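Peer 1: So that we are looking at the same thing, I have put the structure below in structure tokens.
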Amino acid sequence: MSTDHAVHMPVRTAVQPATKKYLPIFAGIDGTGDPDDTEYARAFSGSHVKTLSGLPWTGGCFYRRGPTQLGIQTEGIAEQVAIDVALAWRRVLGRGAFPRVFLAGFSRGGAAAILACRLLRKEGINVAYLALFDAVDRTVGMEASTIAANVQVCQHAARHPDAKSRPEFGSCGTRCEDQAATRFAFRNDFMCTHGGVGGTPWTRSNPRLQMSDEGYIIEPRSARKAAALAVGGSIGAALTIFGVPVRPAAIADSVSTIASTRVTPEMDAQGAELVERWIKPRFLSAMLHQP
15 MSTDHAVHMP
25 VRTAVQPATK
35 KYLPIFAGID
45 GTGDPDDTEY
55 ARAFSGSHVK
65 TLSGLPWTGG
75 CFYRRGPTQL
85 GIQTEGIAEQ
95 VAIDVALAWR
105 RVLGRGAFPR
115 VFLAGFSRGG
125 AAAILACRLL
135 RKEGINVAYL
145 ALFDAVDRTV
155 GMEASTIAAN
165 VQVCQHAARH
175 PDAKSRPEFG
185 SCGTRCEDQA
195 ATRFAFRNDF
205 MCTHGGVGGT
215 PWTRSNPRLQ
225 MSDEGYIIEP
235 RSARKAAALA
245 VGGSIGAALT
255 IFGVPVRPAA
265 IADSVSTIAS
275 TRVTPEMDAQ
285 GAELVERWIK
295 PRFLSAMLHQ
305 P
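Residue numbering for the sequence shown follows the working numbering, beginning at 15 and increasing consecutively.
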């Protein structure tokens, strides 16, 4: 689906009030997770996006869970976040203050945050700060490869390729449209899992944790098989990729052979902490700053 379609917004204005009292607005979108909201809330209770949502956002705060496994809700979440922010923008202006917008996203939620920035640009709304935690675009037809020029500052933390975590995911939001308009920092040197970058590292107390003989985290294979099933419809069905018949089961099996990461639970916890130490202080400083 193209991201150039119009989304109905309640405001199109860049008018600043005479007295410049700045109020920050936050919208955060977390990563892909369990369809059960209670289980999802438990799993993401300590995520970086959730932690940022707990800061004193005097202009409004909107935290949204991420999509379920197939990710079909991603674009709709982005559209709703853009509407939430635009409404808050209008309310802040109505109070005689000036709104400053901050967005954050993890995994597919990062892709949604990138798209939300694009939608806000259509409404003349700038984004003061965009924090991305291993943003991945795994939704067909959704453009989230670049950071829109209405984003003033963007930090993007990503997993190190040598961590061997979710190598099939790739990354999005790794460059910006206008280097003169956006202060952009991308780091992919965090030696932890995809979940660790998002603030949800694997712990030894997690009953779902699987370990290799070498002591490294083995990420669940069920999600990877679900991806193969989504393409082929059933585990036994055949499909064609570039004209070559391929069985989805073969795809799942080939991916699961690389399910073992090169990350221990201790490395994962340390990586999650390093990501937070890189992004949160700068994010907080920007939020408290009165331009």
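Positions of the beta carbon are idealized from the N, C-alpha and C atoms, including for glycine.
Note that this is a predicted model, so its numbers are computed, not measured.
Find the nearest neighbour of His170 within the set Trp71, Ala55 and Phe120, judged by alpha-carbon distance.
Peer 2: Working through the sequence shown from its first residue, we reach residue 170 at position 156. The shortest C-alpha separation from His170 is found at Phe120.
Peer 1: Tell me, please, which residues DSSP counts as bridged to Gln169.
Peer 2: In the sequence shown, counting from the first residue as 1, residue 169 sits at position 155. In DSSP, Gln169 forms a bridge with Ala145 and Ala199.
Peer 1: Bridge partners of Cys190, per DSSP?
Peer 2: Translated into the one-based positions of the sequence shown, residue 190 becomes position 176. For Cys190, which the question treats as bridged, DSSP gives the partners Ile161.
Peer 1: Relative to the C-alpha of Trp103, which residue among Ser67, Leu37, His62 and Ser61 is closest?
Peer 2: What you label residue 103 is simply residue 89 of the sequence shown in a count that begins at 1. Answer by Cα proximity: Leu37.
Peer 1: Express the C-alpha separation of Thr88 and Val95 in angstroms, rounding to a whole number.
Peer 2: On the sequence shown, position 81 is the one that residue 95 refers to. On the sequence shown, position 74 is the one that residue 88 refers to. Val95 and Thr88: Cα-Cα distance of roughly 11 Å.
Peer 1: Just to confirm before moving on: does the CB-CB distance between Gly210 and Val150 stay below 9 Å?
Peer 2: By 1-based counting over the sequence shown, the position of residue 210 is 196. By 1-based counting over the sequence shown, the position of residue 150 is 136. No, they are not a contact pair.
Peer 1: Short check: CB of Ala118 to CB of Leu146, under 9 Å?
Peer 2: Here residue 118 refers to the residue found at position 104 of the sequence shown. Here residue 146 refers to the residue found at position 132 of the sequence shown. Contact flag set, yes.
Peer 1: Taking only the alpha-carbon atoms, compute the straight-line gap between Arg109 and Asp44 and give it to the nearest angstrom.
Peer 2: What you label residue 109 is simply residue 95 of the sequence shown in a count that begins at 1. What you label residue 44 is simply residue 30 of the sequence shown in a count that begins at 1. In a straight line, the C-alpha of Arg109 is about 30 Å away from that of Asp44.
Peer 1: CA-CA distance, Met301 and Ile161?
Peer 2: One-based indexing of the sequence shown puts residue 301 at position 287. One-based indexing of the sequence shown puts residue 161 at position 147. Roughly 20 Å separates the two Cα atoms.
Peer 1: For Thr214 and Pro113, I'd like the C-alpha separation in whole angstroms.
Peer 2: Sequence index remark: in the sequence shown, residue 214 carries index 200 (1-based). Sequence index remark: in the sequence shown, residue 113 carries index 99 (1-based). Each residue's Cα considered, the two are about 30 Å apart.
Peer 1: Would a C-beta distance cut-off of 9 Å place Leu144 and Cys168 closer than the cut-off?
Peer 2: Taking the sequence shown and counting its residues from 1, one reaches residue 144 at position 130. Taking the sequence shown and counting its residues from 1, one reaches residue 168 at position 154. Yes, the pair counts as a contact, with Cβ atoms nearer than the cut-off.
Peer 1: If you reduce the DSSP assignment to three classes, tell me which class Pro59 lands in.
Peer 2: As a first step, residue 59 is located in the sequence shown; it is residue number 45 there, counting from the start. The sequence shown places Ser at residue 59, not Pro. Note: Ser59 maps to coil in three-state DSSP.
Peer 1: With C-beta atoms as the reference, is Leu66 less than 9 Å away from Gly47?
Peer 2: Stepping through the sequence shown from its first residue, residue 66 is reached at position 52. Stepping through the sequence shown from its first residue, residue 47 is reached at position 33. Their beta carbons are not under 9 Å apart, which means Leu66 does not touch Gly47 by this criterion.
Peer 1: Does Asn164 pass the burial test, meaning 16 or more other C-beta atoms within 10 Å, or should it be called exposed?
Peer 2: Looking up residue 164 in the sequence shown gives position 150. Per the 10 Å Cβ criterion, buried.
Peer 1: State yes or no: is the C-beta of Arg152 within less than 9 Å of the C-beta of Phe183?
Peer 2: Working through the sequence shown from its first residue, we reach residue 152 at position 138. Working through the sequence shown from its first residue, we reach residue 183 at position 169. Yes, the pair counts as a contact, with Cβ atoms nearer than the cut-off.
Peer 1: Please state the DSSP three-state secondary structure of Arg109.
Peer 2: Residue numbering aside, residue 109 sits at position 95 when the sequence shown is read from its first letter. Of the three classes helix, strand and coil, the one that applies to Arg109 here is coil, per DSSP.
Peer 1: Indicate the three-state DSSP secondary structure (helix, strand or coil) for Cys75 in the structure shown.
Peer 2: Numbered from 1 along the sequence shown, position 61 holds the residue referred to as residue 75. It is a strand residue.
Peer 1: Within its chain, find whatever has a CB closer than 6 Å to the CB of Asp192; leave out the 5 residues flanking it on each side and keep chain order.
Peer 2: Residue mapping note: residue 192 aligns to position 178 of the sequence shown, counting from 1. Same-chain partners within the cutoff: Ala163.
Peer 1: Between which two residues does the alpha helix (DSSP H) holding Phe297 run?
Peer 2: Walking along the sequence shown from the start, residue 297 turns up at place 283. Looking at the DSSP string, the run of the alpha helix (DSSP H) that includes Phe297 is Pro279 to Leu302.
Peer 1: What does the alpha-carbon distance come out to for the pair Glu233 and Val141?
Peer 2: The count along the sequence shown starts at 1 and reaches residue 233 at position 219. The count along the sequence shown starts at 1 and reaches residue 141 at position 127. Glu233 and Val141: Cα-Cα distance of roughly 34 Å.
Peer 1: From the DSSP secondary-structure annotation, give me the bridge partner or partners of Ser274.
Peer 2: By 1-based counting over the sequence shown, the position of residue 274 is 260. BP columns for Ser274 point to Ile232.
Peer 1: Look up Arg180 in the DSSP assignment and say whether it is helix, strand or coil.
Peer 2: Numbered from its first residue, the sequence shown carries residue 180 at position 166. DSSP places Arg180 in coil when its eight states are reduced to three.
Peer 1: Can you grab the Cα-Cα spacing for the pair Pro81 / Pro49, in whole Å?
Peer 2: Residue mapping note: residue 81 aligns to position 67 of the sequence shown, counting from 1. Residue mapping note: residue 49 aligns to position 35 of the sequence shown, counting from 1. So the alpha carbons of these two residues sit roughly 8 Å apart.
Peer 1: Using the rule of at least 16 other Cβ atoms within 10 Å of the residue's Cβ for burial, across every protein chain shown, is Ala34 buried or exposed?
Peer 2: Reading the sequence shown from its first residue, position 20 is the one you call residue 34. In the sequence under discussion, the amino acid at residue 34 is Lys, which differs from the Ala named in the question. So Lys34 counts as exposed.
Peer 1: Starting from Gly209 and walking both ways along the alpha helix (DSSP H), at which residues does that stretch end?
Peer 2: Taking the sequence shown and counting its residues from 1, the one referred to as residue 209 is at position 195. Segment His208 to Val211, the alpha helix (DSSP H) holding Gly209.
Peer 1: Could you tell me the distance, in whole angstroms, from the CA atom of Leu298 to the CA atom of Trp292?
Peer 2: Translated into positions along the sequence shown, residue 298 becomes position 284. Translated into positions along the sequence shown, residue 292 becomes position 278. Whole-angstrom Cα-Cα distance: 11 Å.
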